[in-house]
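This report refers to the structure that appears directly beneath it.
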Amino acid sequence: MKCMKCCGVFIPLMMAVVCIVIYSERESIGSHFQGSNRIFYILNLEELKKAKDVATPQVPIRNSLTTGLSFSKMLKGKSVFNPRPYNSSHIVYLKVHKAASSTVQNIVMRASMKRNLTFALPARNNTHQFGWPAKFSRFKHLKKLPSKPDVLCLHTVLSDSLIKTMPQDSFYFTSLRDPFTQIRSMFEYYNLSKCLYPKHSATLLEVIGSGRNACEILIIKSPQAFDLGINLQNADNDNVIADLIHHVEKQFHFVIIVEYFNECLILLRDMLGWTTQDILYFKSNFKGKRKQPATNLTLLPEDNEKNRAMIYKFLKADLALYKHFKSKLEQTIASKKDYINAEVVKLKHLQKIWMADCVKDFLPANELPDKRFQPYGAGSYGYLLTEKGFDNSTCVSLSITELPHFQELNKYQNKLLNIST
Numbered sequence: 373m374k375c376m377k378c379c380g381v382f383i384p385l386m387m388a389v390v391c392i393v394i395y396s397e398r399e400s401i402g403s404h405f406q407g408s409n410r411i412f413y414i415l416n417l418e419e420l421k422k423a424k425d426v427a428t429p430q431v432p433i434r435n436s437l438t439t440g441l442s443f444s445k446m447l448k449g450k451s452v453f454n455p456r457p458y459n460s461s462h463i464v465y466l467k468v469h470k471a472a473s474s475t476v477q478n479i480v481m482r483a484s485m486k487r488n489l490t491f492a493l494p495a496r497n498n499t500h501q502f503g504w505p506a507k508f509s510r511f512k513h514l515k516k517l518p519s520k521p522d523v524l525c526l527h528t529v530l531s532d533s534l535i536k537t538m539p540q541d542s543f544y545f546t547s548l549r550d551p552f553t554q555i556r557s558m559f560e561y562y563n564l565s566k567c568l569y570p571k572h573s574a575t576l577l578e579v580i581g582s583g584r585n586a587c588e589i590l591i592i593k594s595p596q597a598f599d600l601g602i603n604l605q606n607a608d609n610d611n612v613i614a615d616l617i618h619h620v621e622k623q624f625h626f627v628i629i630v631e632y633f634n635e636c637l638i639l640l641r642d643m644l645g646w647t648t649q650d651i652l653y654f655k656s657n658f659k660g661k662r663k664q665p666a667t668n669l670t671l672l673p674e675d676n677e678k679n680r681a682m683i684y685k686f687l688k689a690d691l692a693l694y695k696h697f698k699s700k701l702e703q704t705i706a707s708k709k710d711y712i713n714a715e716v717v718k719l720k721h722l723q724k725i726w727m728a729d730c731v732k733d734f735l736p737a738n739e740l741p742d743k744r745f746q747p748y749g750a751g752s753y754g755y756l757l758t759e760k761g762f763d764n765s766t767c768v769s770l771s772i773t774e775l776p777h778f779q780e781l782n783k784y785q786n787k788l789l790n791i792s793t
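Each residue of the sequence shown is one higher than the one before, starting from 373 at the first, in my numbering.
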């Protein structure tokens, strides 16, 4: 997966920003689309049946355990399309599948741990998600804390319960991606070619056109809109889609969509009062150079106008979200391009320095000796660190994969709150 640089935009701290990050994936050869008018989504239906919140009396909760421990100034800001002010020490990152979200999550976790902030964590010890695909419920999915958490950045489905869980002045942001490349990435990453037929592989077009609950692990019908709370049974309804877009605009201060990743990080840095070191990143779950041609490339649809049109029709809600916030970006792109471009150059230079010090090679999971750096997902590569990198905590935190990083987060929070394990 390769990130493409386009142009940038600077918006002052007091403004909301919508940014876009494109991942170019040029796999080829597809199949005929079947059943395009049938709604198809992959999920654990039993989980969704249990997803309703149970109303309970509200108990006043003291806000922010560690506000006094944070060494960074708490910034206040306002958004152009959302007048609600925010506090930079309270952050909600709604983690959408296959939209650069593991990379962004790594940044949020590192920057927040640096500032001694507390995290919303799952009630169950054997998961790193909040009940997904069920909607977030603070009564079912949240580990209890003596006060409201400062940060939430794990996979979940947006709900009123989530909003009530976090401080009212939280800074909300998410990332979206071109629906065509996002769905192809999901198909390959989760090896969904195996979920439709028992004895042979299916194409992506066959999977999304089948109308069957072939897999019980993922949402295929507008997965990005699903994570943001849409009811999939009505995901093609224009009024429902319009309501979702309005809700996202009302609730979120910042939207990374899928086209200017480095530029978006500069804007995020400025809005939250972070440093360039805070937004430093090594890409997560990336595709390496294959030693041999992959066997399932022919199962992915060819990137042509006809296939894109069919898949966009199927992903109607995702496409509407993407186009809406992309349009908002394009309305603000003209003003501070030079500033952003100069800052991106600095970020890339810093990234190059750390990469040279930390990383010896990029390897597939089965060739990496340290499990902390072994990625999940078909075809994903991870980082083999240098001897110097293994001894450097920043190198480790930049290179570590999601599950081991989450385990480190649990240890961090237990130590911060003096909880014995």
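Glycine included, C-beta positions come from ideal geometry on N, C-alpha and C. Owing to the predicted nature of the structure, the values given are computational and were not obtained by experimental measurement.
| Asked | Found |
| --- | --- |
| Based on Cα-Cα distance, which residue from Phe734, Phe654, Thr758 and Lys718 lies nearest to Gln477? | Phe654 |
| Is the CB-CB distance between Phe491 and Pro521 below 8 Å? | yes |
| Compute the Euclidean distance between the alpha carbons of Tyr784 and Ile683, then round it to the nearest angstrom. | 43 Å |
| Which first and last residues belong to the alpha helix (DSSP H) in which Val480 is found? | Ser473 to Lys486 |
| Using a Cβ distance threshold of 8 Å, determine whether the stretch 592-606 contacts the stretch 684-697, with at least three qualifying pairs required. | yes |
| Identify every residue that forms a DSSP beta bridge with Val717. | Paired residue(s): none; Val717 is not in a bridge. |
| Just how far apart, CA to CA, sit Asp599 and Gly503? | 12 Å |
| Mapping DSSP to helix, strand and coil, what is Ile617? | helix |
| If you measure between the beta carbons of Ile638 and Val716, is that distance less than 8 Å? | yes |
| Assuming Thr546 contacts Tyr465 under a Cβ cut-off of 8 Å, what Cβ separation, rounded to an integer in Å, is found between them? | 7 Å |
| So if DSSP puts Phe658 in a beta bridge, which residue, or which two residues, is it bridged to? | Tyr753 |
| Should Gly581 and Leu530 be called a contact, given that it needs their Cβ atoms to be closer than 8 Å? | no |
| Quick one: Cα of Gly754 to Cα of Ile772, how far? | 8 Å |
| Could you tell me how far apart the beta carbons of Arg482 and Ser769 are, in whole angstroms, since I believe they sit closer than 8 Å? | 5 Å |
| How should Ser707 be labelled, buried or exposed, when 16 other C-beta atoms within 10 angstroms of its C-beta is the threshold for buried? | exposed |
| Which ranges would you report for the alpha helix (DSSP H) in the stretch 497-539 if only whole runs of at least 4 residues count? | 532-537 |
| Would DSSP call Ile683 helix, strand or coil? | helix |
| Count the other CB atoms, across all protein chains shown, that sit within 10 Å of the CB of Asn634; report buried if there are 16 or more and exposed otherwise. | buried |
| How would you call Leu789, buried or exposed, if buried means at least 16 neighbouring beta carbons within 10 angstroms? | exposed |
| With a threshold of 6 Å on Cβ separation, who are the neighbours of Val431 within its own chain once the five nearest residues in sequence on each side are excluded? | Since pLDDT at Val431 reaches only 29, below the 50 mark, its modelled position is unreliable, and the value read off the structure follows with that caveat. If we look at Val431 and ignore the five residues flanking it on each side, it has no Cβ neighbours. |
| Within the continuous beta strand (DSSP E) that includes Pro736, where are the two ends? | Val731 to Pro736 |
| In chain order, what residues of the same chain lie with their CB nearer than 7 Å to the CB of Asp541, ignoring the 5 residues before and after it? | Pro457, Tyr458, Asn459 and His462 |
| Can the beta-carbon of Cys730 be found closer than 8 Å to that of Gly751? | no |
| Would you report the Cα separation of Gly645 and Gln746, rounded to the nearest angstrom? | 32 Å |
| For Tyr544, name the three-state secondary structure that DSSP assigns. | strand |
| State the Cα-Cα distance for the pair Ala506 and Phe624, rounded to the nearest angstrom. | 21 Å |
| Using CA atoms only, rank isn't needed, just tell me which of Glu560, Asn488, Gln605 and Asp550 is closest to Lys787. | Asn488 |
| Considering Phe633, what are the terminal residues of the alpha helix (DSSP H) in which it resides? | Phe633 to Leu644 |
| Would you decide whether Gln703 is buried or exposed? Buried here means 16 or more other CB atoms lie within 10 Å of its CB. | exposed |
| Count the other CB atoms, across all protein chains shown, that sit within 10 Å of the CB of Pro518; report buried if there are 16 or more and exposed otherwise. | exposed |
| Per DSSP, which residues does Leu770 bridge with? Please list them. | Bridge partners of Leu770: none, in fact. |
| Any idea if Phe511 is buried or exposed, counting beta-carbon neighbours within 10 angstroms, 16 or more meaning buried? | exposed |
| Quick one: what's got a C-beta closer than 6 Å to Ile613's C-beta in the same chain, skipping five residues either side? | Ala689 and Ala692 |
| How would you call Glu560, buried or exposed, if buried means at least 16 neighbouring beta carbons within 10 angstroms? | buried |
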